[in-house]
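Notes for the one structure printed next.
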Amino acid sequence: MPTPKQNLGIPENNKVIISLDGGGMRGILTLQLLKKLEEVAGAPCHQWCDMIAGTSTGAIITGLIVKRKSAKEIEDLYMQLVTQVFTKRNFLADRFLDPPKFDKKKYRNLLKQIVGDVTLAQACSDTRPLDMLITSKDMAAGEETFFTCFSNGGNFTGTYKDVLLRAIMEATMSAPTYFLPFERFIDGGTTTFNNPAGAAVLEALCYSGKDKYKADALTVFSFGTGTSLRFIKPEDTRNPKGPDIKFWLNYVMDETGKDASDMQTDMLRSKLIPNLDFRRYQISLDETSLNKIPDKDITQIYHTQAKSLRQLKNDELAAIDMADVSKFGLMKVIGEAMAEYICPPSENGKEIDQQNGNWYRKDLVIPKTSRGELVTAFGDTAEIAKQLSSVAWVDAQHTA
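So the sequence shown is numbered by this note's numbering: it starts at 6 and just counts up by one.
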């Protein structure tokens with residue numbers, strides 16, 4: 006019987022890292038990809054991977070994988086957690102007028118029931134120990150914190166290996182304006198590491214795992230939660246729709262995280278680390294990308310004029326906020342369609358041979374570019390070059 010690594014086209018001597026992005030309730034998309042990944046592998050992730058890394062919602066999933074849960078088990082628990090985490094603090098609570106919007110009490114209580122009072126080291130220890138990394142921003146120190154726990158010959162290392170796992174799983178998801186900080190900590194996704202793949206590789210190769218992980222024997226699975234593209238017309242940038250503070254707070258929080266994530270993906274795809282086997286799975290939430298994945302009926306899970314995924318419009322897709330649980334079912338369906346795109350079924354319902362589809366055997370990237378197959382690129386380089394070469398146009402911007 007083939008091993009999980011053989012099923013996924015991974016050399017048997019390779020170490021495997023699974024990295025999970027942040028994204029609030031959109032983590033349900035990631036879980037659809039992980040369920041299919043485990044189906045293809047023939048075993049839960051915790052049985053064949055070596056390190057799990059996560060930020061925010063990805064860190065919640067990370068903690069549950071480290072607790073030896075399968076993706077299907079995590080989905081059931083995750084659905085409970087999401088309904089609790091986005092509990093409005095009071096009737097008047099609002100991100101902009103009376104932040105934070107949500108109260109973490111119910112989430113905290115449920116997390117304690119599920120995870121208990123185990124430390125990172127206790128959670129990572131088993132007959133087959135796992136390494137882990139979770140990111141959070143330390144406001145008091147003004148720096149990102151990597152909460153790590155690595156096993157070396159049965160001994161666990163990591164500055165915070167003896168802290169409570171559930172404390173870290175709260176610190177990493179405490180997004181500003183959505184939630185109160187966890188004392189000095191806020192959501193790790195507010196800075197560079199909403200996509201923690203770069204941090205995971207850095208920690209594995211240069212720090213905690215430097216004697217254990219080697220670049221030429223390393224496979225990294227990196228999972229996104231869907232990225233919203235905000236289409237702002239050039240003439241609207243000075244006077245965006247709605248209150249300026251609301252527009253810019255949303256824009257800066259979303260776009261800085263997206264740009265940082267893209268930079269890490271580009272870096273890991275660039276061969277800057279020779280022989281690294283990097284496999285990224287992400288989709289941009291726009292009409293172009295949704296037209297590439299299988300169409301799915303959405304009439305039963307989302308109230309809109311659109312009857313299926315391919316009828317959704319860019320304005321509606323760009324408005325999918327990380328805390329908008331009304332779109333939870335929609336994000337699940339997008340994840341299911343994305344998993345089907347990666348692993349397409351045959352006409353009779355049986356999975357076809359692995360010559361078709363991606364099957365998690367390689368990076369989901371367009372050949373000869375660094376852009377993902379399901380990540381749309383927009384731009385108008387010819388117009389930009391024309392405008393910025395014109396003295397009259399440049400001078401006019403100072404008076405417009």
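Cβ coordinates follow ideal geometry from the N, Cα and C atoms, glycine included.
By Cβ distance, which residues of its chain are closer than 6 angstroms to LYS10, with the 5 residues on each side in sequence left out?
Hits under 6 angstroms: GLU17.
Using the DSSP secondary-structure output, state which residues sit across from VAL21 in a beta bridge.
The bridge partners DSSP lists for VAL21 are THR224.
Alpha-carbon to alpha-carbon, GLU175 and ARG113:
Approximately 7 angstroms between the Cα atoms of the pair.
Unbroken alpha helix (DSSP H) run spanning TYR112, endpoints
Segment 110-120, the alpha helix (DSSP H) holding TYR112.
Can you give the Cα-Cα distance for LEU277 and ASP320, rounded to whole angstroms?
Using only the alpha carbons, I get a separation of about 37 angstroms.
Go to ARG171, then tell me how far its beta strand (DSSP E) extends in each direction, as first and last residue.
Run containing ARG171: none in the beta strand (DSSP E); it sits in the alpha helix (DSSP H), 170-176.
Just how far apart, CA to CA, sit ASP406 and SER313?
With the chain covering 6 to 405 only, the question about residue 406 has no answer from this structure.
Let me know if VAL380 comes out buried or exposed under the rule of 16 or more other beta-carbons within 10 Å of its beta-carbon.
Counting C-beta atoms within 10 angstroms of its own C-beta, VAL380 has 16 or more neighbours from the protein chains shown and is therefore classed as buried.
Tell me whether the beta-carbon of GLY194 lies closer than 8 angstroms to the beta-carbon of GLY47.
Their beta carbons are not under 8 angstroms apart, which means GLY194 does not touch GLY47 by this criterion.
Could you have a look at THR374 and say whether DSSP puts it in helix, strand or coil?
In the structure shown, the three-state DSSP call for THR374 is coil.
Helix, strand or coil for LEU379, going by three-state DSSP, please let me know.
Three-state result, LEU379: coil.
Simplified DSSP state of CYS54, which is helix, strand or coil:
Note: CYS54 maps to coil in three-state DSSP.
Taking C-alpha atoms, which residue in ASP326, VAL330, SER294 lies nearest to LEU317?
Taking LEU317 as reference, the option from ASP326, VAL330, SER294 with the minimal CA-CA separation is SER294.
Are any of the Cβ atoms in chain C nearer than 8 angstroms to that of PHE228?
The structure shown contains no chain C; it holds only a single protein chain.
Please report the straight-line C-alpha distance between ASP400 and ALA324, rounded to a whole angstrom.
Spanning the two alpha carbons is a distance of roughly 34 angstroms.
Secondary structure, beta strand (DSSP E): runs of 3+ residues fully inside the region 130-191
Taken in chain order, the unbroken stretches of beta strand (DSSP E) that lie wholly in the region 130-191 and span 3 residues or more are 136-143, 148-157, 160-162.
For ALA146, which option in MET268, PHE190, PRO105 has the closest C-alpha, if you only look at C-alpha atoms?
Out of MET268, PHE190, PRO105, PHE190 has the C-alpha closest to the C-alpha of ALA146.
If you check the beta carbons only, do PHE91 and MET30 fall under 8 angstroms apart?
Their beta carbons are under 8 angstroms apart, which means PHE91 touches MET30 by this criterion.
Which residue wins for smallest C-alpha separation from LYS219, given the options THR230, VAL206, SER227?
Distances from the CA of LYS219 to each of THR230, VAL206, SER227 were compared; the closest alpha carbon is that of VAL206.
Less than 8 angstroms separating the beta-carbons of ASP122 and LEU169?
Yes.
For PRO9, which three-state DSSP category applies?
Residue state, collapsed to three classes: helix.
Measuring only the C-alpha atoms, how far is PHE155 from LEU102?
A direct Cα-Cα distance of roughly 43 angstroms separates PHE155 from LEU102.
Here's the rule I'm using: 16 or more other beta-carbon atoms within 10 Å means buried, otherwise exposed. How should ALA382 be labelled?
With fewer than 16 other Cβ atoms within 10 Å, it is exposed.
Cβ pair count under 8 angstroms reaching 3, the region 342-351 against the region 363-370:
With the cut-off at 8 angstroms, the region 342-351 and the region 363-370 touch.
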